[in-house]
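Engineer: Provided herewith is a single structure, encoded as C-alpha cells, for subsequent inquiry.
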Amino acid sequence: MNKFTPAKAAGTRSVDDVTGSRRLRRMRKADWSRRLVQENRLSVDDLIWPIFVVEGRNVREPIAAMPGVFRLSVDLAVKEAERAAKLGIPALATFPNVDLGLRDQTGSHILDPENIINRATRAIKNAVPEIGIITDAALDPFTSHGHDGILRDGIIVNDETVEQVAAAAVIQAAAGADIIAPSDMMDGRIGAIRDALDANGFQDVAIMSYATKFASAFYGPYREAVGTAGLLKGDKKTYYIDHANSDEAVREAEQDLAEGADMLMVKPGLPYLDIIRRLKDEFQMPTFAYQVSGEYSMIKAADSNGWIDGEKAMLESLLAFKRAGCDGILTYFAPEVAVMLKG
1 MNKFTPAKAA
11 GTRSVDDVTG
21 SRRLRRMRKA
31 DWSRRLVQEN
41 RLSVDDLIWP
51 IFVVEGRNVR
61 EPIAAMPGVF
71 RLSVDLAVKE
81 AERAAKLGIP
91 ALATFPNVDL
101 GLRDQTGSHI
111 LDPENIINRA
121 TRAIKNAVPE
131 IGIITDAALD
141 PFTSHGHDGI
151 LRDGIIVNDE
161 TVEQVAAAAV
171 IQAAAGADII
181 APSDMMDGRI
191 GAIRDALDAN
201 GFQDVAIMSY
211 ATKFASAFYG
221 PYREAVGTAG
231 LLKGDKKTYY
241 IDHANSDEAV
251 REAEQDLAEG
261 ADMLMVKPGL
271 PYLDIIRRLK
281 DEFQMPTFAY
291 QVSGEYSMIK
301 AADSNGWIDG
311 EKAMLESLLA
321 FKRAGCDGIL
331 TYFAPEVAVM
341 LKG
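Going by UniProt numbering, 170 is the number at position 170 of the sequence shown; the sequence numbering is gapless.
Here you go:
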C-alpha cells in the first residue's frame, strides 16, 4: 500500500522561505545547546532567607499557612543560620513574633535593645559572623493593632512613626544588623534612618528600601506567622501603594534613592515583575524582590494537591525574578533551592 503524501498547495512557501532560513529551534535541540545560550541563571548568591523568631528555647513551631516554614527560638535560629552559611546563602532577613503582652498602640517594644529581634541578631552574628543580617524597622509586629505605624484617632501618623522607626533602626544596627530594610512605607523614613545611622556611627550599615510595597492580598500567611492576622484593624491602603499603579511605584523608588537608599525592593514579587523591570531599567540600582508568603503558600498548596510540580514551579518562579532584572530574591524557598543548587 502506497504511503499517502499530501500535495503541496500551489504557491505555498517552504519553512526556510518563510523564516529566511532562521530556524530558532536550532539552539533548543539538545540539552548542551540550551545550556550554552541560557540568558539567565539562578545561583545560591541570589538568595535571601526570611526567618521568623519567637521566645523560648528549642522552639520550632510550624506555621499552618506556610508548610515547611517554622517560628524558631533564638537558639534554633542560630543553628539554621549556620546551616544557611554552609549552603552559601548570603543573608537572612529576620522577623519577630512578639508576645501579645508586649504590644501596644505605638509599638514601643521595638525600642527595647533586648527585644527578640535584637537578641536574635546578636546571637546569629556571634555564631555566624560571615552571614548578612537584614532587619525590618517597621512597627507592625510590635503594635496591638497590626499596623506598620503609630495609630492615633484612626490615622497612621507619619512623622511620629518615622521618628520611632529611625530610632529602632539605630538599635538594630547596634545589635549587629548589616542592612536595615524598613517596610512601613512612611514618607521620609529612608532619609531619617540614614541620618540617624550616620549620626550614631553606623555609616557602613546599608538600607534596603521596601520602595514599592503594594497593598496586596498576598500577605495573609505572613501575618499569621508574625501574629498580626487577628489584630489588624482596617487595611493598609493609606500607606501601601495601590496595586493598580506603576508610575507611583517609580516615584516612590526615586524618592527613596534620593534620601539615601542603597538597594530597592519590590513586594510582592511575581504579580509585580513589570515593576521590577521598570525600576531596574530606570535606576540601574541593586534591585530585589520579596517572594511573599502568599506566593510561597500557593505553590506549596498546589504541589501538595498534585496540581503542579512544586519543585519545577519554585525554580521557574525564582528564575522569573532574575529575568525581570532582580539581583536577588527574598524567598522562603531559599534553603530548599540552595540544597538543590549545591547538589
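All C-beta atoms in this analysis are idealised placements derived from N, C-alpha and C, irrespective of residue type, glycine included.
Quick one: Cα of G234 to Cα of S43, how far?
Structural biologist: Taking the sequence shown and counting its residues from 1, the one referred to as residue 234 is at position 234. Taking the sequence shown and counting its residues from 1, the one referred to as residue 43 is at position 43. Cα to Cα, the separation comes out at about 40 Å.
Engineer: How about V53 and V78: are their beta carbons less than 8 Å apart?
Structural biologist: Taking the first residue of the sequence shown as 1, we reach residue 53 at position 53. Taking the first residue of the sequence shown as 1, we reach residue 78 at position 78. No; because the gap between Cβ atoms is not below 8 Å, this pair is not in contact.
Engineer: Between F283 and A253, is the Cβ-Cβ spacing less than 8 Å?
Structural biologist: Here the question's residue 283 lines up with position 283 in the sequence shown. Here the question's residue 253 lines up with position 253 in the sequence shown. Closer than 8 Å, so yes.
Engineer: Starting from F52, follow the beta strand (DSSP E) in both directions and report where the run begins and ends.
Structural biologist: Residue numbering aside, residue 52 sits at position 52 when the sequence shown is read from its first letter. Residues L47 to V54.
Engineer: One question on the structure: do D136 and F95 come within less than 8 Å of each other, judged by their Cβ atoms?
Structural biologist: As a first step, residue 136 is located in the sequence shown; it is residue number 136 there, counting from the start. As a first step, residue 95 is located in the sequence shown; it is residue number 95 there, counting from the start. A contact, by the Cβ cut-off of 8 Å.
Engineer: Sorted by chain position, which residues of the same chain lie with C-beta nearer than 7 Å to L319's C-beta, five sequence neighbours on each side aside?
Structural biologist: Reading the sequence shown from its first residue, position 319 is the one you call residue 319. N40 and L42, listed in sequence order.
Engineer: Considering just the uninterrupted stretch of the alpha helix (DSSP H) at F321, what are its terminal residues?
Structural biologist: Residue 321 sits at position 321 when you count from the first residue of the sequence shown. From DSSP, the alpha helix (DSSP H) with F321 extends over G310 to A324.
Engineer: With DSSP run on the structure shown, which of helix, strand or coil describes Y222?
Structural biologist: Position 222 of the sequence shown holds residue 222. Helix, per DSSP.
Engineer: Helix, strand or coil: how does DSSP classify R41 here?
Structural biologist: What you label residue 41 is simply residue 41 of the sequence shown in a count that begins at 1. Here R41 sits in coil by DSSP.
Engineer: Curious, which full-length alpha helix (DSSP H) runs of at least 4 residues does the region 207 to 252 contain?
Structural biologist: List check, alpha helix (DSSP H) in window: 220 to 226.
Engineer: Going by beta carbon distance, what residues of the same chain come within less than 7 Å of residue 357, once the five residues before and after it are set aside?
Structural biologist: This structure does not reach residue 357, given that the chain is present from 1 up to 343, and the question cannot be answered.
Engineer: Please state the DSSP three-state secondary structure of S73.
Structural biologist: Within the sequence shown, residue 73 is the residue found at index 73, counting from 1. Of the three classes helix, strand and coil, the one that applies to S73 here is strand, per DSSP.
Engineer: Hey, would you say R277 sits closer than 8 Å to G328, going by beta carbons?
Structural biologist: Taking the first residue of the sequence shown as 1, we reach residue 277 at position 277. Taking the first residue of the sequence shown as 1, we reach residue 328 at position 328. Taking 8 Å as the Cβ cut-off, R277 and G328 do not qualify as a contacting pair.
Engineer: Report back the beta-carbon spacing between M263 and A206 to the nearest angstrom; my notes put them in contact at under 8 Å.
Structural biologist: Position 263 of the sequence shown holds residue 263. Position 206 of the sequence shown holds residue 206. Yes, M263 and A206 are in contact; Cβ-Cβ is about 7 Å, under 8 Å.
Engineer: Am I right that P182 and Y222 are in contact with their C-beta atoms under 8 Å? What's the rounded C-beta distance?
Structural biologist: Reading the sequence shown from its first residue, position 182 is the one you call residue 182. Reading the sequence shown from its first residue, position 222 is the one you call residue 222. P182 to Y222, Cβ: 16 Å. No contact.
Engineer: Between G343, Y272, G132 and S108, which lies nearest to residue 352 when the distance is taken from Cα to Cα?
Structural biologist: With the chain covering only 1 through 343, there is no way to say anything about residue 352.
Engineer: At which residues does the alpha helix (DSSP H) containing V339 begin and terminate?
Structural biologist: The residue you call residue 339 lines up with position 339 of the sequence shown. Here the alpha helix (DSSP H) through V339 covers A334 to K342.
Engineer: Could you name each continuous alpha helix (DSSP H) segment of 4 residues or more that falls completely within the region 170 to 199, going from the start of the chain to the end?
Structural biologist: The region 170 to 199 contains these whole alpha helix (DSSP H) runs: 189 to 199.
Engineer: So for Q291, helix, strand or coil by DSSP?
Structural biologist: Stepping through the sequence shown from its first residue, residue 291 is reached at position 291. Q291: strand per DSSP, three-state reduction.
Engineer: From the DSSP output, read off the bridge partner residues of E61.
Structural biologist: As a working note, residue 61 is residue 61 in the sequence shown. Its beta-bridge partners are R71.
Engineer: Give me the DSSP bridge partner(s) of T94.
Structural biologist: In the sequence shown, the residue the question calls residue 94 occupies position 94. Answer by DSSP bridge pairing, in chain order: I51 and T135.
Engineer: In whole angstroms, what separates the C-alpha of W32 from that of R25?
Structural biologist: As a position in the sequence shown, residue 32 is number 32, starting the count at 1. As a position in the sequence shown, residue 25 is number 25, starting the count at 1. When rounded, the distance between both Cα atoms is 13 Å.
Engineer: What do you get for R103, buried or exposed, if any count of 16 or more other CB atoms within 10 angstroms of its CB means buried?
Structural biologist: Sequence index remark: in the sequence shown, residue 103 carries index 103 (1-based). Buried.
Engineer: Using the C-alpha atoms, what's the distance from N245 back to K86?
Structural biologist: What you label residue 86 is simply residue 86 of the sequence shown in a count that begins at 1. What you label residue 245 is simply residue 245 of the sequence shown in a count that begins at 1. Approximately 41 Å, taken between the alpha carbons.
Engineer: Starting from the C-beta of Q172, find all residues in its chain whose C-beta is less than 8 Å away, skip the five residues before and the five after it, and write them out in chain order.
Structural biologist: Residue 172 sits at position 172 when you count from the first residue of the sequence shown. I117, N118, T121, T135, A137 and I180.
Engineer: Once you ignore the five residues that flank T161 on each side, which residues in its own chain have a CB closer than 6 Å to its CB?
Structural biologist: Start at 1 with the first residue of the sequence shown, and residue 161 comes out as number 161. G149, I150 and M186.
Engineer: Can we count A215 as close to the ligand PLP, meaning its CB is less than 7 Å from some heavy atom?
Structural biologist: Because no ligand of any kind appears in the structure shown, any question about the ligand PLP cannot be addressed here.
Engineer: Could you tell me whether the Cβ atoms of R60 and L72 are closer together than 8 Å?
Structural biologist: Walking along the sequence shown from the start, residue 60 turns up at place 60. Walking along the sequence shown from the start, residue 72 turns up at place 72. In this structure, L72 lies closer than 8 Å to R60 by Cβ.
Engineer: Is it right to say D247 is buried, meaning 16 or more other beta carbons lie within 10 angstroms of its own, or is it exposed?
Structural biologist: The residue you call residue 247 lines up with position 247 of the sequence shown. It is exposed - the Cβ of D247 has fewer than 16 other Cβ atoms within 10 Å.
Engineer: Quick one: residues in its chain with C-beta nearer than 6 Å to the C-beta of L341, no 5 flanking neighbours on either side, listed in chain order?
Structural biologist: Counted from its first residue, the sequence shown places residue 341 at position 341. Same-chain partners within the cutoff: V44.
Engineer: Taking the CB atoms as reference points, tell me whether I156 and T238 lie closer together than 8 Å.
Structural biologist: By one-based count along the sequence shown, residue 156 stands at place 156. By one-based count along the sequence shown, residue 238 stands at place 238. Contact flag set, yes.
Engineer: Tell whether a beta-carbon distance below 8 Å holds between A338 and G88.
Structural biologist: Residue numbering aside, residue 338 sits at position 338 when the sequence shown is read from its first letter. Residue numbering aside, residue 88 sits at position 88 when the sequence shown is read from its first letter. Cβ distance < 8 Å, so A338 and G88 count as in contact.
Engineer: Tell me whether G107 is buried or exposed, calling it buried when 16 or more other Cβ atoms sit within 10 Å of its Cβ.
Structural biologist: Reading the sequence shown from its first residue, position 107 is the one you call residue 107. So G107 counts as buried.
Engineer: Just to confirm before moving on: does the CB-CB distance between I299 and G306 stay below 8 Å?
Structural biologist: Locating residue 299 in the sequence shown gives position 299, counting from the first residue. Locating residue 306 in the sequence shown gives position 306, counting from the first residue. Cβ atoms of I299 and G306: not closer than 8 Å.
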